[in-house]
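Q:
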Amino acid sequence: YWCQIRFEGITGWVFGYYLDIFINYEDAQVGAKSTVINSDQWENAEPPTDENIAKYINTHLFFLREGRLLQVVDGKAGAARIIATEKNIFIISYFIHNSKKIIYYTGRPKKKTSKKSLYLYDFSTSSNRFLIKNIENCVFDFTEDKAIILTETKKSNQIYWQFRMFDLSNLNYIQEIILIKKNIEQSEDNPEDIFVETMLRESGSFNKLDWDTKKKILYFKPAEDNQTYLISLTNPEYILVDVDDTGIFEIDQERFLEILLDVNEKNQPLYSIVLKNNKTGFEKEVFKSVYYPLNFSLSPFGNFIAVTLITMKTPKEAFYPASIYVFSLKNLTMIPVSTDGESYQPRWGFF
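For the sequence shown, my numbering gives the first residue as 2, with consecutive numbering after it.
1. When the Cα of Tyr105 is compared with those of Glu225, Lys331, Phe143, Met313, which residue comes out closest?
2. Helix, strand or coil for Ile54, going by three-state DSSP, please let me know.
3. Is the beta carbon of Ser300 less than 8 Å from the beta carbon of Ser324?
4. Taking the CB atoms as reference points, tell me whether Ile178 and Leu234 lie closer together than 8 Å.
5. What are the start and end residues of the beta strand (DSSP E) that includes Tyr326?
6. I'd like the span of the beta strand (DSSP E) that includes Ala81, first residue to last.
7. Express the C-alpha separation of Ile260 and Gly248 in angstroms, rounding to a whole number.
8. With a 10 Å radius around its C-beta and 16 neighbouring C-beta atoms as the bar for buried, classify Ser40 as buried or exposed.
9. Give the DSSP-derived three-state secondary structure of Pro347 in the structure shown.
10. Enumerate in chain order the residues of its own chain whose CB-to-CB distance from Ser298 is below 8 Å, with the five nearest sequence positions on each side excluded.
11. Where does Asp21 fall in DSSP's three states?
12. Here's the rule I'm using: 16 or more other beta-carbon atoms within 10 Å means buried, otherwise exposed. How should Asp21 be labelled?
13. Can you tell me the Cα-Cα spacing of Ser344 and Leu65, whole angstroms?
14. For Lys1 and Thr229, which I take to be in contact (beta-carbon distance under 8 Å), what is that distance rounded to the nearest angstrom?
15. Could you pull out every residue in the same chain whose Cβ sits closer than 8 Å to the Cβ of Ser111, ignoring the five residues on either side in sequence?
16. Give me the Cα-Cα distance between Gln159 and Lys216, rounded to the nearest whole angstrom.
17. Near Phe141, what residues of its chain come up, given a Cβ to Cβ distance below 6 Å and the 5 sequence neighbours on each side ignored?
18. What are the uninterrupted segments assigned as beta strand (DSSP E) that are 3 or more residues long and contained completely in the stretch 231-259, given in chain order?
19. Would a C-beta distance cut-off of 8 Å place Ser118 and Phe131 closer than the cut-off?
20. Can you tell me whether Ala81 is buried or exposed, with buried defined as 16 or more other CB within 10 angstroms of its CB?
21. How big is the Cα-Cα spacing for Leu330 and Phe288?
22. Among the candidates Glu87, Asn265, Glu284, Asp146, whose CA atom is the shortest distance from the CA of Ser127?
23. By a C-beta neighbour count over all protein chains shown, 10 Å radius and 16 as the cutoff for buried, is Trp3 buried or exposed?
Written out as structure tokens, the structure reads:
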């Protein structure tokens with residue numbers, strides 16, 4: 002049976018043969034334990050109090066600040082420890098491999114405009130390793146232990162974008178996917194272009210890669226124009242496609258966050274984060290401010306979403322002032338984590 006539940010002003014649905022109602026967490030814990038085959042998972046279960054929310058965020062949340070990788074140790078106090086990545090390397094982006102306790106990161110030497118290189122940091126040994134130099138971008142599939150690396154190459158006096166498959170287990174290239182001719186005449190960079198500046202900061206370069214591992218398709222937006230390529234990984238073909246950035250972040254099959262734009266009485270932009278459920282019709286505005294939200298990162302257990310909020314002011318060296326917040330799906334509140342204006346790219350890791 003489907004049962005409609007209203008709890009703390011929120012309406013939702015549950016499905017089952019019957020429904021047990023408990024008046025406190027302790028009784029609910031005992032009831033849940035009696036209905037599962039492996040009851041050991043409930044022995045150390047803790048109620049979702051504010052204290053346990055803070056405990057969850059601490060040690061599990063990572064972010065970047067001025068090119069350094071940090072791990073939150075006390076979100077309430079704004080304390081974080083610096084991860085000992087390669088010295089004198091300004092980190093552009095990073096990717097967490099939870100099962101191997103490894104973080105892959107791209108970076109360039111500080112105070113230089115050279116191209117990025119790919120490194121890894123091993124938490125089990127607290128050591129770094131250099132992997133690939135002169136890359137443009139990369140995207141990972143940790144379930145298959147593979148990455149797609151984008152570089153430039155020159156053949157017959159012509160420059161190409163080169164996509165290659167990289168094996169993370171053996172740390173070598175295993176397949177060339179495709180070559181795409183690079184345009185010589187690049188479009189003029191507009192310093193007022195919010196998208197370009199945000200991409201430079203949040204994605205690490207002007208080149209945007211999205212890998213649909215189920216459909217075996219790669220989406221690629223090059224620096225020269227606003228076109229998006231759809232690249233098939235099953236055969237060396239690509240086509241131009243229109244990809245609409247809808248401002249939607251999917252949480253699960255039913256819930257999603259939508260970013261809506263409004264203006265205040267001074268005609269200044271306001272950005273709203275709205276939680277929606279496409280099955281129940283539930284909608285709730287959970288945050289509204291002049292700060293633009295991006296870099297949503299859902300925690301592995303689906304209970305928190307970390308987000309970067311940036312200030313649309315004149316960027317300094319293509320970096321907008323930004324801060325880190327965590328949205329709790331339990332009580333629908335925004336929790337400030339690092340609000341110094343220099344923090345961005347939050348991601349979850351469980352080591």
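Heads up, the beta-carbon is just placed ideally off N, CA and C, and yes, glycines get one too.
A: For this structure:
1. Within the sequence shown, the letter at position 104 stands for residue 105. Closest option to Tyr105, Cα to Cα, is Phe143.
2. If you number the sequence shown from 1, residue 54 lands on position 53. If DSSP states are grouped into helix, strand and coil, Ile54 belongs with the helices.
3. Translated into the one-based positions of the sequence shown, residue 300 becomes position 299. Translated into the one-based positions of the sequence shown, residue 324 becomes position 323. For Ser300 and Ser324, no; Cβs fall outside 8 Å.
4. As a working note, residue 178 is residue 177 in the sequence shown. As a working note, residue 234 is residue 233 in the sequence shown. For Ile178 and Leu234, yes; Cβs fall inside 8 Å.
5. Locating residue 326 in the sequence shown gives position 325, counting from the first residue. Where Tyr326 is concerned, the enclosing beta strand (DSSP E) stretches over 323-329.
6. Along the sequence shown, read from residue 1 onward, the residue named residue 81 stands at position 80. 80-83 is the span of the beta strand (DSSP E), which, as asked, contains Ala81.
7. Taking the sequence shown and counting its residues from 1, one reaches residue 248 at position 247. Taking the sequence shown and counting its residues from 1, one reaches residue 260 at position 259. So the alpha carbons of these two residues sit roughly 5 Å apart.
8. Taking the sequence shown and counting its residues from 1, one reaches residue 40 at position 39. Its pLDDT being 47, under 50, Ser40 is placed unreliably in this model, and the coordinates cannot settle the point.
9. As a position in the sequence shown, residue 347 is number 346, starting the count at 1. For Pro347, the three-state secondary structure derived from DSSP is strand.
10. Reading the sequence shown from its first residue, position 297 is the one you call residue 298. Contacts found: Ile306, Ala307, Val308, Pro347, Arg348, Trp349.
11. Here residue 21 refers to the residue found at position 20 of the sequence shown. Residue state, collapsed to three classes: coil.
12. Position 20 of the sequence shown, counted from the start, is the residue given in the question as residue 21. Classification of Asp21: exposed, given that the 10 Å Cβ count is below 16.
13. Within the sequence shown, numbered from 1, the residue matching residue 344 stands at position 343. Within the sequence shown, numbered from 1, the residue matching residue 65 stands at position 64. Taking the straight line joining both Cα atoms gives about 6 Å.
14. Residue 1 cannot be examined here, being either before or after the span of the chain that is shown, 2 to 352.
15. Within the sequence shown, residue 111 is the residue found at index 110, counting from 1. In the sequence on display, residue 111 carries Lys and not Ser. The residues are Gly68, Asn89, Ile90, Phe91.
16. Counted from its first residue, the sequence shown places residue 159 at position 158. Counted from its first residue, the sequence shown places residue 216 at position 215. C-alpha separation (whole angstroms): 31 Å.
17. Position 140 of the sequence shown, counted from the first residue, corresponds to residue 141. Excluding positions up to five away in sequence, the list reads Phe96, Ala148.
18. 238-242, 249-251
19. Here residue 118 refers to the residue found at position 117 of the sequence shown. Here residue 131 refers to the residue found at position 130 of the sequence shown. For Ser118 and Phe131, yes; Cβs fall inside 8 Å.
20. Within the sequence shown, the letter at position 80 stands for residue 81. So Ala81 counts as buried.
21. The residue given as residue 330 occupies position 329 in the sequence shown. The residue given as residue 288 occupies position 287 in the sequence shown. Rounded to whole angstroms, Leu330 to Phe288 spans 13 Å at the Cα level.
22. As a position in the sequence shown, residue 127 is number 126, starting the count at 1. Out of Glu87, Asn265, Glu284, Asp146, Glu87 has the C-alpha closest to the C-alpha of Ser127.
23. In the sequence shown, the residue the question calls residue 3 occupies position 2. Under this definition Trp3 is an exposed residue.
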